[in-house]
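Asker:
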Amino acid sequence: MTKVKALSLFSGGLDSILATRVVMAQGVEVTAVKFVSPFFNYDILDDIEGYKEQVRDKYGINAMVVDISEEYLEMLRQPAYGFGKNFNPCVDCKIFMVSRAKQMMAELGASFLITGEVLGQRPMSQRRDTLNVISRDSESRSILLRPLCAKLMAPTLAEEEGWVDREKLLNFSGRGRSSQIALAKDYGITDFPSPAGGCTLADPILSRRIKNFYNDGFVVKSSDMTVTDILLLLVGRQFLLPGGGWLMLGRDEKDNTRLSSLAEEGDAVLGMEQQPGPIALLRRADTFYAGPEDLQKDLELAASLVVRYGKKIKGKPPEADVTYRLAGKKETITIGPIADEISRAWML
Ligand code: SF4
Numbered sequence: 339m340t341k342v343k344a345l346s347l348f349s350g351g352l353d354s355i356l357a358t359r360v361v362m363a364q365g366v367e368v369t370a371v372k373f374v375s376p377f378f379n380y381d382i383l384d385d386i387e388g389y390k391e392q393v394r395d396k397y398g399i400n401a402m403v404v405d406i407s408e409e410y411l412e413m414l415r416q417p418a419y420g421f422g423k424n425f426n427p428c429v430d431c432k433i434f435m436v437s438r439a440k441q442m443m444a445e446l447g448a449s450f451l452i453t454g455e456v457l458g459q460r461p462m463s464q465r466r467d468t469l470n471v472i473s474r475d476s477e478s479r480s481i482l483l484r485p486l487c488a489k490l491m492a493p494t495l496a497e498e499e500g501w502v503d504r505e506k507l508l509n510f511s512g513r514g515r516s517s518q519i520a521l522a523k524d525y526g527i528t529d530f531p532s533p534a535g536g537c538t539l540a541d542p543i544l545s546r547r548i549k550n551f552y553n554d555g556f557v558v559k560s561s562d563m564t565v566t567d568i569l570l571l572l573v574g575r576q577f578l579l580p581g582g583g584w585l586m587l588g589r590d591e592k593d594n595t596r597l598s599s600l601a602e603e604g605d606a607v608l609g610m611e612q613q614p615g616p617i618a619l620l621r622r623a624d625t626f627y628a629g630p631e632d633l634q635k636d637l638e639l640a641a642s643l644v645v646r647y648g649k650k651i652k653g654k655p656p657e658a659d660v661t662y663r664l665a666g667k668k669e670t671i672t673i674g675p676i677a678d679e680i681s682r683a684w685m686l
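Each residue of the sequence shown is one higher than the one before, starting from 339 at the first, in my numbering.
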């Protein structure tokens, strides 16, 4: 007899691990889909096979990774249910992910969907009425099983068809974690991520940056925004220069490497070849400015910031040569550090 298949929305947190395992324990073949976007888990794309192996080894779960960046950026422009405490559109995010998973079902031969939601665990997105909204708006009411709190919800197709035994599903509710931790122990799972973190949209500082970015009138029109813009927004120190240019500066070696790797054609990349200091990236330098003079002014300010955050000698960064590369050319600006009293106002 062929096994019934299901698709589980896998955040990688304990609840989604357990929800997947609870259904697997009933003989259902479950694929766990891990969605990634610039706001969460994007680094997985660097090593998808490594991630899948890790999930298999640690939790015995078969995972797949799907990049939803482009569609997610679009959704974030106008989430119907608004935002949480920060720039986190949790209800729309869940509706979006369940809908996206639903689209994948036919291809994977899956008969139903699974999430690790627990009734009453989060104030906004896991209240009973919100769970109902998520099922309704994703048009998944009958096919969305929440194994961890299924006994507190109306039966779904999976129970009605006998693909899973409702009696073996759970009745978890509320914010406590002890039931989940006890269940994890039963499955021999001890190494799992802590509940907080992972999504920059829920981070008080980074989400503010992202929110600004989504306001039209900022350096990039929200309709022109790309995945790379969001990734750049999350790196290093950020400045909006007087000429309107958007500049980011590495704070350490890791940021510098990241900026260099994210630079695209049309971006100016600045740095000092003779002494240690930050890499800076002036986004869309080639096309953003009305004329070469405007560009030159912002490049000089950018260079003075590179010097400011470079190595100090006798407590002060010395004048230095800053090179920049733009549109296949390499130029040098000799300049001293800018005063903090001036540049502070440009910080994002
Ligand atoms: S915290 Fe982030 S990933 Fe999680 S539901 Fe909210 S917006 Fe989506």
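We treat Cβ as the ideally placed atom computed from N, Cα and C, and that holds for glycine.
#1: Rounded to whole angstroms, what is the Cα-Cα separation between valine 436 and aspartate 405?
#2: At 4 residues or longer, what runs of the alpha helix (DSSP H) sit wholly inside the stretch 475-508?
#3: Return yes when at least one heavy atom of ligand 1 lies under 6 angstroms from the C-beta of alanine 606, else no.
#4: Taking one C-beta from the stretch 568-587 and one from the stretch 453-472 each time, how about it: are there three or more such pairs within less than 8 angstroms?
#5: Which residue spans inside the stretch 350-397 form an unbroken alpha helix (DSSP H) run of at least 4?
#6: Give the single residue among Trp584, Gly615, Lys592, Gln612 whose Cα lies nearest to the Cα of aspartate 605.
#7: Between which two residues does the beta strand (DSSP E) holding glutamate 669 run?
#8: Are the beta-carbon atoms belonging to glycine 615 and glycine 574 less than 7 angstroms from one another?
#9: How would you label lysine 432, buried or exposed, when you count the other beta carbons within 10 angstroms and need 16 or more for buried?
#10: Just how far apart, CA to CA, sit tryptophan 684 and phenylalanine 450?
#11: So for methionine 685, helix, strand or coil by DSSP?
#12: Closest by CA to leucine 544, which one among Pro376, Val371, Ala363, Lys372?
#13: To the nearest whole angstrom, what separates the beta carbons of threonine 595 and leucine 572, a pair I think is in contact under 8 angstroms?
#14: Does at least one heavy atom of ligand 1 sit under 6 angstroms from the Cβ of leucine 539?
Answerer: With the given structure in hand:
#1: By 1-based counting over the sequence shown, the position of residue 436 is 98. By 1-based counting over the sequence shown, the position of residue 405 is 67. A straight-line Cα-Cα distance of about 14 angstroms links valine 436 and aspartate 405.
#2: Here the runs fully enclosed are 495-498.
#3: Residue mapping note: residue 606 aligns to position 268 of the sequence shown, counting from 1. For ligand 1, no non-hydrogen atom lies closer than 6 angstroms to the CB of alanine 606.
#4: The stretch 568-587 makes no contact with the stretch 453-472: fewer than 3 CB pairs, one atom from each, lie closer than 8 angstroms.
#5: The alpha helix (DSSP H) runs lying completely inside the stretch 350-397 and spanning 4 residues or more are 352-362, 386-397, given in chain order.
#6: The residue given as residue 605 occupies position 267 in the sequence shown. The candidate whose alpha carbon is nearest that of aspartate 605 is Trp584.
#7: Residue numbering aside, residue 669 sits at position 331 when the sequence shown is read from its first letter. It spans 667-673 - the beta strand (DSSP E) in which glutamate 669 sits, taken as one unbroken run.
#8: Along the sequence shown, one-based indexing puts residue 615 at 277. Along the sequence shown, one-based indexing puts residue 574 at 236. The Cβ atoms of glycine 615 and glycine 574 lie no closer than 7 angstroms to each other.
#9: In the sequence shown, residue 432 corresponds to position 94, counting from 1. So lysine 432 counts as buried.
#10: As a working note, residue 684 is residue 346 in the sequence shown. As a working note, residue 450 is residue 112 in the sequence shown. Going by the C-alpha atoms only, they are around 51 angstroms apart.
#11: In the sequence shown, counting from the first residue as 1, residue 685 sits at position 347. Secondary structure at methionine 685: strand, using DSSP grouped into helix, strand and coil.
#12: For the purposes of this step, residue 544 is taken as residue 206 along the sequence shown, with counting starting at 1. It is Pro376 whose Cα lies nearest to the Cα of leucine 544.
#13: Taking the sequence shown and counting its residues from 1, one reaches residue 595 at position 257. Taking the sequence shown and counting its residues from 1, one reaches residue 572 at position 234. That pair is no contact at about 14 angstroms.
#14: Translated into the one-based positions of the sequence shown, residue 539 becomes position 201. Leucine 539 Cβ: within cutoff of ligand 1.
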